[in-house]
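Novice: Heads up: the sequence shown at position 179 corresponds to 178 in numbering that gives the first Met the number 0, and the numbers run straight through without jumps.
The beta-carbon is built from N, C-alpha and C at its ideal position, and this holds for glycine as well.
Take this structure first; my questions come after.
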Amino acid sequence: MQAEDRARAIVDLVRRDGFQTIETLAASFGVTPQTVRRDVNLICDRGLLRRRHGGVEAPPADLDTGTRNLAYHARQVLNLEAKRRIAALVADQVAADFPDGGASLFFGIGTTPEQCAIALAERFEGQGGLRVMTNNLNAALALARDPDSRVTIAGGELRNLDRDVIAGEAQGFFARFAVDIGIYGVGGVAEDGTLLDFSQDEVAMRQALAAHCRRRFLVLDHSKFGRGATVRGGHIAEASVVFTDRAVPEPIARQLEQSGCRLVVTSSQVPFTTGDNTHA
């Protein structure tokens with residue numbers, strides 16, 4: 000097992016079962032205590048777990064803080080495999096809709112849109128590229144790997160820990176374009192389907208993105224349902240397609256069905272269709 004894979008497994012184990020000693024982890028993964036200590040130091044430096052004498056435990060204020068988000072580098076490894084599966088489905092859908100390339104896309108902030116950017120860059124490399132507008136620096140860098148893609152980024156002050164631009168002159172960025180598909184994430188989804196984020200600027204940028212694309216792809220893993228955040232804005236059923244990794248709560252599923260929003264879950268074999276959906 001590679002170090003990064005082992006680190007993710009340690010995080011999952013501690014979050015599920017609680018405090019683990021260094022010796023227990025070493026035995027579980029068949030490595031030396033020194034190796035586990037290096038893994039634990041890396042994990043704790045990322046803010047995912049907390050050191051405790053003789054071992055490691057989950058931090059006292061876990062994901063659902065309601066007032067602040069985890070640092071970006073911590074979120075990048077959280078539910079990573081689920082985000083990659085979601086991204087693969089998004090890439091499949093865009094490829095089905097635009098088999099010859101040439102799609103124009105918005106990418107919003109967050110780690111799941113970043114994974115979508117990585118998947119799309121790989122899928123469309125050598126096929127004429129994509130036309131992309133984004134305020135997400137990680138997504139921009141992922142798409143820049145393809146020399147044929149054209150990437151336009153929002154101007155303004157960079158949020159260093161989040162690696163995005165959401166304030167000031169960036170506020171009018173998405174309104175200057177009209178694109179085929181907008182791909183965006185969200186901080187959380189309330190029980191009534193309301194979308195939640197951690198600042199008014201995040202909500203404003205997300206809503207501007209959604210207002211200026213013909214189809215809206217909301218990408219989020221299961222942890223976002225019921226997760227608290229402080230700023231309300233928009234509703235899950237306003238998306239054209241919702242991509243996630245597990246079945247959504249039944250009331251939300253009913254709202255999506257009633258609105259005509261398509262739900263795609265990574266474990267289900269839902270056939271892809273081309274063309275616009277109800278909300279396109």
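In this structure, what does DSSP give as the bridge partners for M132?
Specialist: Per DSSP, the beta bridge partners of M132 are F105, T151.
Novice: Return the CA-CA distance between H234 and Q33, expressed in angstroms with no decimal places.
Specialist: Cα to Cα, H234 sits roughly 48 Å from Q33.
Novice: Between the C-alpha atoms of D61 and S222, what's the straight-line distance to the nearest angstrom?
Specialist: Because the pLDDT of D61 is 44, which lies under 50, any placement of that residue in the model is unreliable, and the question is left without a value.
Novice: Between the Cα of A90 and those of R231, I108, G101, I117, spot the shortest distance and give me the residue it belongs to.
Specialist: I117
Novice: Does the beta-carbon distance from D191 to V230 come in below 8 Å?
Specialist: no
Novice: Strictly by DSSP, which residues pair up with T193?
Specialist: H234
Novice: Between A139 and V150, which are expected to be in contact by the criterion C-beta below 8 Å, what is the C-beta distance as a whole number of angstroms?
Specialist: Contact between A139 and V150 holds: CB atoms are separated by about 5 Å, below the 8 Å threshold.
Novice: Report yes or no: do three or more beta-carbon pairs, one from the stretch 123–140 and one from the stretch 98–110, lie closer than 8 Å?
Specialist: yes
Novice: Going straight from the alpha carbon of D38 to that of R5, what length do you get?
Specialist: 8 Å
Novice: Identify which residue in I85, G127, A210, D163 has its Cα closest to the Cα of A153.
Specialist: D163
Novice: Determine the burial state of T66: buried for a count of at least 16 other Cβ atoms within 10 Å of its Cβ, exposed for fewer.
Specialist: In this predicted model, T66 has a pLDDT of only 44, less than 50, meaning its place in the structure is not dependable; the value taken from the coordinates is given anyway. Looking at its Cβ environment, which holds fewer than 16 other Cβ atoms inside 10 Å, T66 is exposed.
Novice: Take the Cβ of E113 as the centre, count every other Cβ of all protein chains shown within 10 Å, and call the residue buried at 16 or more, exposed below.
Specialist: buried
Novice: What does E56 pair with, by DSSP beta-bridge criteria?
Specialist: Under DSSP, the beta-bridge partners assigned to E56 are R49.
Novice: For G100, write down the residues that DSSP places opposite it in a beta bridge.
Specialist: Bridge partners of G100: none, in fact.
Novice: What's the gap between the Cα of D161 and the Cα of V185?
Specialist: 14 Å
Novice: For V202, report the span of its alpha helix (DSSP H) as first-last.
Specialist: 199–210
Novice: Please report the distance separating the alpha-carbon of A207 from that of A252.
Specialist: 25 Å
Novice: Take the Cβ of S148 as the centre, count every other Cβ of all protein chains shown within 10 Å, and call the residue buried at 16 or more, exposed below.
Specialist: buried
Novice: Could you compute how far the alpha carbon of A81 sits from the alpha carbon of G181?
Specialist: 20 Å
Novice: For E22, count neighbouring C-beta atoms within 10 Å of its own C-beta (all shown protein chains included) and say buried if the count is 16 or more, exposed if not.
Specialist: exposed
Novice: Per DSSP, what are the beta-bridge partners of V240 in this structure?
Specialist: According to DSSP, which records beta bridges pairwise, V240 is partnered with F216, R261.
Novice: Taking 8 Å as the cut-off, decide whether the C-beta atoms of L219 and A236 are in contact.
Specialist: no
Novice: Around the C-beta of A95, are 16 or more other C-beta atoms found within 10 angstroms, so that it is buried, or is it exposed?
Specialist: exposed
Novice: Closer than 7 Å by C-beta to G101: which residues in its own chain qualify, once you throw out the five before and the five after it? Chain order, please.
Specialist: Hits under 7 Å: G127.
Novice: If I measure Cβ to Cβ from Q257 and keep anything under 8 Å in the same chain, skipping five residues before and after, which residues do I get?
Specialist: Within the same chain, Q257 has close Cβ partners A236.
Novice: Starting from D163, follow its DSSP beta bridges and name the residues at the other end.
Specialist: N135, R158
Novice: Within a Cβ cutoff of 8 Å, which residues of the same chain sit near V240, ignoring the five residues on either side of it in sequence?
Specialist: Q92, R214, R215, F216, L217, C260, R261, L262, V263, N276
Novice: D145: which of V131, R50, V247 sits nearest, CA to CA?
Specialist: V131
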